[in-house]
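**Student:** Just so we're aligned, residue 52 is where the sequence shown starts under the numbering used here, counting upward by one.
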Amino acid sequence: MSALRKVSGPRCPTCARLLPDPHLLEIDPRFRCGACRIDSPVLDFVQPLFLFQGPLREAVHLFKYSGYWKLGRGLIRSRLSDLLPSLEDVDRILPVPLHPSRLRRRGFNQAVVLAREVAEGSGTPMDLECLVRRKGGRPQVGLRPKERRRNIRGCFAVTSSKNVRGRKVLLVDDILTTGATAKECARVLKEAGAEEVRLLTLAGAFVE
Ligand SMILES: [Zn+2]
Numbered sequence: 052m053s054a055l056r057k058v059s060g061p062r063c064p065t066c067a068r069l070l071p072d073p074h075l076l077e078i079d080p081r082f083r084c085g086a087c088r089i090d091s092p093v094l095d096f097v098q099p100l101f102l103f104q105g106p107l108r109e110a111v112h113l114f115k116y117s118g119y120w121k122l123g124r125g126l127i128r129s130r131l132s133d134l135l136p137s138l139e140d141v142d143r144i145l146p147v148p149l150h151p152s153r154l155r156r157r158g159f160n161q162a163v164v165l166a167r168e169v170a171e172g173s174g175t176p177m178d179l180e181c182l183v184r185r186k187g188g189r190p191q192v193g194l195r196p197k198e199r200r201r202n203i204r205g206c207f208a209v210t211s212s213k214n215v216r217g218r219k220v221l222l223v224d225d226i227l228t229t230g231a232t233a234k235e236c237a238r239v240l241k242e243a244g245a246e247e248v249r250l251l252t253l254a255g256a257f258v259e
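(1) Thinking C-beta only, is residue 141 closer than 7 Å to residue 162?
(2) Which residue from 91, 138 and 132 puts its Cα closest to that of residue 251?
(3) Do residue 244 and residue 216 count as a contact pair if the criterion is CB distance below 7 Å?
(4) Please tell me whether, using a cut-off of 6 Å, the distance from the CB of residue 83 to the nearest non-hydrogen atom of ligand 1 is below it.
(5) How about the segment 232-249 and the segment 87-94: do they share at least three Cβ pairs that are nearer than 8 Å?
(6) With a cut-off of 8 Å, do at least 3 Cβ pairs link the segment 161-180 to the segment 110-127?
(7) I'd like to confirm something about residue 65: is its beta-carbon nearer than 6 Å to some heavy atom of ligand 1, or not?
(8) Assuming residue 133 is part of the beta strand (DSSP E), what are its boundary residues?
(9) Please state whether DSSP places residue 156 in a helix, a strand or coil.
(10) Give me the DSSP bridge partner(s) of residue 226.
(11) Taking the beta strand (DSSP E) that residue 99 falls in, what are its first and last residues?
(12) On the three-pair Cβ rule with 8 Å, is the segment 120-132 touching the segment 176-192?
(13) Leaving aside the five residues before and after residue 239 along the sequence, list all residues of the same chain whose C-beta is less than 7 Å from its C-beta, in chain order.
(14) Counting only the same chain and skipping the five closest in sequence on each side, list residues whose C-beta sits under 8 Å from that of residue 225.
(15) Could you please give the first and the last residue of the uninterrupted alpha helix (DSSP H) stretch that includes residue 108?
(16) Can you tell me whether DSSP reads residue 200 as helix, strand or coil?
(17) Could you check which residue in 195, 191 and 136 has the C-alpha nearest to that of residue 174?
(18) Can you pull the DSSP bridge partners for residue 219?
(19) Grouping DSSP H, G and I as helix and E and B as strand, with all else coil, what is residue 170?
(20) Report the residue from 126, 128, 187 and 229 whose alpha carbon sits nearest the alpha carbon of residue 152.
(21) From the DSSP output, which residues share a beta bridge with residue 183?
(22) Compute the beta-carbon to beta-carbon distance between residue 64 and residue 75, rounded to the nearest angstrom, for a pair I have assumed lies under 8 Å.
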């Protein structure tokens with residue numbers, strides 16, 4: 052595990068980008084990076100666990116495309132003790148859903164495997180039904196940020212708003228890139244009345 056790099060350093064709470072000064076958040080816990088100040092963020096907190104590089108990149112590929120579930124689960128477990136304090140007030144854990152046709156092709160949703168590990172480790176219930184993906188859209192890989200936002204718009208729906216109304220939910224996914232997918236999930240969850248939507252991902256693909 053020593054070659055894996057944890058995401059660390061002073062980070063913008065709502066997009067996880069590195070902040071230039073470690074004291075900014077100490078002075079003002081509500082401090083946000085320039086991008087999040089301009090474009091008020093729909094995600095309340097964003098926490099990627101590892102940098103998407105080196106051996107972690109290979110591990111994520113093995114987990115996601117070759118079905119090595121144990122790798123994904125083990126990586127989550129290795130960070131669980133760091134995570135638990137921030138999960139104390141979470142009401143529901145929701146994996147980012149795959150479209151049913153993609154799910155059939157891949158055979159499993161990697162986000163569910165990760166979310167289950169978080170749910171079991173924290174004792175927080177996981178909900179597999181209230182957020183669904185109703186449109187496939189093109190794969191996000193290779194699209195520019197603006198195209199990603201357009202491509203994902205309208206892809207998700209909340210099936211039962213009573214399961215999210217007034218609740219603090221934690222979305223779980225494998226990789227954070229631009230965050231367009233998670234933001235679209237957060238948008239529909241907030242429309243359905245969610246009080247807070249946070250995002251936890253196994254890896255963050257930052258340029259740093
Ligand atoms: Zn930010």
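Ideal Cβ placement from N, Cα and C applies to all residues, glycine included. Here the structure is a predicted model, which means the values were calculated and not measured.
**Tutor:** The relevant details are as follows:
(1) no
(2) 138
(3) yes
(4) yes
(5) yes
(6) yes
(7) yes
(8) Looking at the DSSP string, residue 133 is not in any beta strand (DSSP E); the run it does join, the alpha helix (DSSP H), is 120-138.
(9) helix
(10) 254
(11) 96-102
(12) no
(13) 207, 208 and 209
(14) 111, 114, 115, 123, 161, 162, 165, 252, 253 and 254
(15) 105-116
(16) helix
(17) 136
(18) 247
(19) helix
(20) 187
(21) 208
(22) Between residue 75 and residue 64 the Cβ distance is about 11 Å, and since that is not below 8 Å, they are no contact.
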